[in-house]
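J.:
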Amino acid sequence: MNFFDRLHDRIRTVDSVVSVGLDPDPSRIPDHLAEYDLPRWAFNRRIIDATHEHAAAYKPNAAFYEDPDGWQALEETIAYAHGKGVPVLLDAKRADIGNTTRQYAKLLETVDAITVNPYMGRDSLQPFLSDEEAGVFVLCRTSNPGGSDIQDLELETGEPVYERVAALADLWNENDNVGLVVGATTPDELEDLREQVPDLPFLVPGVGAQGGDAEAAVEFGLANGVGLVNSSRGIIFAGENDGEEFAKASGQAAKRLKKRLNQYRE
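The numbering of the sequence shown is this note's numbering, which starts it at -7 and goes up by one.
1) For LYS76, report the span of its alpha helix (DSSP H) as first-last.
2) Assuming ASN36 is part of the alpha helix (DSSP H), what are its boundary residues?
3) Buried or exposed, going by whether 16 or more other CB atoms sit within 10 Å of the CB of ASP205?
4) Could you say if the region 61 to 72 and the region 90 to 99 meet the contact criterion of at least three C-beta pairs nearer than 8 Å?
5) Output yes or no for whether 9 Å exceeds the beta carbon distance between GLU258 and GLY213.
6) For the beta strand (DSSP E) containing THR107, list its first residue and its last residue.
7) Let me confirm a value: ASN222 is counted as buried when at least 16 other C-beta atoms fall within 10 Å, else exposed. Which label applies?
8) Report, in whole angstroms, the separation of the C-beta atoms of VAL265 and LEU195, which I expect to be a contact under 8 Å.
9) Would the beta-carbon of TYR57 fall within 9 Å of that of ALA87?
10) Quick one: what does DSSP say PHE129 is sitting in, helix, strand or coil?
11) Assign ASN222 to one of three DSSP states: helix, strand, or coil.
12) Are the beta-carbon atoms of GLY150 and ALA176 separated by less than 9 Å?
13) Kindly indicate the opening and closing residues of the alpha helix (DSSP H) around TYR96.
14) For the candidate residues SER116, PRO193, ARG32, ILE40, whose alpha-carbon lies nearest to that of LYS247?
15) What does a CB cutoff of less than 7 Å around HIS46 pick up in its chain, not counting 5 residues either side in sequence?
16) Can you list, in chain order, the stretches of the alpha helix (DSSP H) that have 4 or more residues and sit fully within the region 137 to 168?
17) For GLU146 and ALA215, I'd like the C-alpha separation in whole angstroms.
18) Could you have a look at ASN254 and say whether DSSP puts it in helix, strand or coil?
19) Using the Cα positions of GLN188 and ALA241, report the straight-line distance between them to the nearest angstrom.
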């Protein structure tokens, strides 16, 4: 079974398309966890314990782990999530050429899926695309305000860059392992992209702290019931002011988001 088959089963098991972003900003981790050797791992473990019944996937962002202790915390986090039966999507936005991208692709030995940057072309993504069991989410239309600086530029064909990216990703989907990252803050574009690529699952960020459109995220983000709607800060820091009980609020936030999104699922 490839990643999207496994994700389909996970979505059915927990009746949820919620992706929980595990972005443990050290400045926001509760003070009582500072005594641990790996505070980020201690934080993530409690978040996973509180949210796994509502999580279709976990999405750690590599930026929060890029130091020696961080990588160890990430390894522990991935193993623990897998122990709970939850797939892990690493938000790493990797891509390069030659041997460099082959090294990046080795990350797929420990995680189930990864985000990649398409702007160096197919050869920069080939080691990811050729892994038939892993999921590859190609950045297409991101939720940040500056995304339009490049993604909205009009090509000679009249199409914007992000639509060309979607079309290319569809062509690259020879192993049925490709999805797109499409932000919930641009619902009209979500709808247009779904019409253009009806079979690619979307990873939809921006529904939590960024205030994206939850209904559009579900209506247009899922392909045959498969896709992910991510919230990071809105879940993991929901109990930021609750001291040692912080994780309880995170569990409640994940449950609320699942219920909110399920209103719009068929």
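Here a beta-carbon is modelled for each residue, glycine too, at the ideal position from N, C-alpha and C. Every value quoted in this text rests on a predicted model; they were computed, and no experiment measured them.
T.: Looking at the coordinates:
1) Per DSSP, LYS76 belongs to no alpha helix (DSSP H) and is neither H nor E.
2) 31 to 43
3) buried
4) no
5) no
6) 105 to 108
7) buried
8) As shown, the chain starts at -7 and ends at 258. That puts residue 265 outside it, with no answer to give.
9) no
10) strand
11) strand
12) no
13) 90 to 97
14) ILE40
15) VAL6, SER8, VAL10, ALA246, LYS247, LYS250
16) 140 to 143, 153 to 164
17) 27 Å
18) helix
19) 39 Å
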